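Notes follow the structure.
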Ligand code: HEC
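Residue numbers (the numbering used here): 267 to 402.
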C-alpha cells in the first residue's frame with residue numbers, strides 16, 4: 267500500500283516536471299495576435315529576417331518549408347524566441363543575435379517570431395516565391 271502511494275507521488279512529480287511546451291500555433295500569444303502585431307512583425311521580417319529566411323540564404327531554413335516550421339512550432343514560443351534573441355548556430359549557417367535586428371526591442375522581436383510562423387503557415391496556401399517573382 268505504501269509503495270503504491272509513493273509510486274503515485276513519483277508519477278505526479280515526473281508528470282509535472284515534464285511539462286511539454288505549447289505548440290506556437292496553439293498558444294494564446296499566437297491566437298491573440300492583433301492586426302497591428304502582425305504589421306509590426308511583418309515590418310521587422312521585411313527589414314531583417316527576410317534576407318535569410320525567405321529563400322533559405324546564409325544556411326537558414328526558408329519559410330516555404332512548412333514541414334520544418336511545423337516541427338519548430340512544437341518547440342514552443344519561449345525556446346524559439348530565446349534562440350532568436352541569443353542567436354544560434356544551425357547546421358549550415360549562423361543566425362546573429364536578435365536575428366540581426368539590433369535596434370529591435372524585445373517586444374518587436376517577439377512579434378517577428380510570431381510573424382515568421384504566421385507566414386510559414388500561409389506558405390503552403392500561396393507560394394510566396396512564385397507570387398513575388400511574378401510581380402512586375
Ligand atoms: C543572417 C541570416 C539570418 C537572419 C537575418 C535571421 N536568421 Fe533566423 N536563422 C538563421 C539560421 C542560419 C538559423 C539556423 C537554421 C534554421 O533553423 O533555419 C536560423 C534559425 C531560426 C529559427 C529556428 C530556431 C531554432 O530553435 O531552431 C527561428 C524561429 C528564426 N531563425 C527566426 C528568425 C527571425 C524572427 C529573424 C528576424 C528577426 C531571423 N530569424 C533572422 C539565419 C538568420
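The beta carbon of each residue, even a glycine, is placed where N, CA and C say it ideally should be.
Because the structure is a prediction, the values reported are computed rather than measured.
(request) Can you say whether residue 344 is buried or exposed, counting buried as having 16 or more other CB atoms within 10 angstroms of its CB? (result) Counting from 1 along the chain shown, the entry for residue 344 is found at position 78. Residue burial annotation: residue 344 is exposed, with fewer than 16 other C-beta atoms found within 10 angstroms of its C-beta.
(request) Compute the minimum distance between the beta carbon of residue 350 and the heavy atoms of ligand 1, and state whether it is under 6 angstroms. (result) Position 84 of the chain shown, counted from the first residue, corresponds to residue 350. At least one heavy atom of ligand 1 lies less than 6 angstroms from the C-beta of residue 350.
(message) Could you tell me the alpha carbon to alpha carbon distance between residue 341 and residue 347, rounded to whole angstroms?
(response) As a first step, residue 341 is located in the chain shown; it is residue number 75 there, counting from the start. As a first step, residue 347 is located in the chain shown; it is residue number 81 there, counting from the start. Spanning the alpha carbons of residue 341 and residue 347 requires a straight line of approximately 10 angstroms.
(request) May I ask which residues mark the beginning and end of the alpha helix (DSSP H) holding residue 252? (result) As shown, the chain starts at 267 and ends at 402. That puts residue 252 outside it, with no answer to give.
(message) In the DSSP output, what is residue 361 paired with across the bridge?
(response) Counted from its first residue, the chain shown places residue 361 at position 95. Per DSSP, 354.
(request) Run the CB neighbour count on residue 294, radius 10 Å, all protein chains shown included, and call it buried at 16 or more, exposed below. (result) Within the chain shown, the letter at position 28 stands for residue 294. Classification of residue 294: exposed, given that the 10 Å Cβ count is below 16.
(message) I want to know whether the stretch 368-378 touches the stretch 324-336 - three or more CB-CB distances under 8 angstroms.
(response) In short, these stretches do not touch, since the Cβ pair count stays below three.
(message) Please identify the residue among 383, 288 and 358 whose C-alpha is closest to the C-alpha of residue 334.
(response) The residue you call residue 334 lines up with position 68 of the chain shown. Taking only the C-alpha atoms, the option nearest residue 334 is 383.
(message) Less than 6 angstroms separating the Cβ of residue 269 from some heavy atom of ligand 1?
(response) Here residue 269 refers to the residue found at position 3 when the chain shown is read from its first residue. Residue 269 has its CB no nearer than 6 angstroms to any heavy atom of ligand 1.
(message) If I follow the unbroken alpha helix (DSSP H) through residue 286, where does it start and stop?
(response) Translated into positions along the chain shown, residue 286 becomes position 20. Following the DSSP letters along the chain, one finds residue 286 in no alpha helix (DSSP H), marked with neither H nor E.
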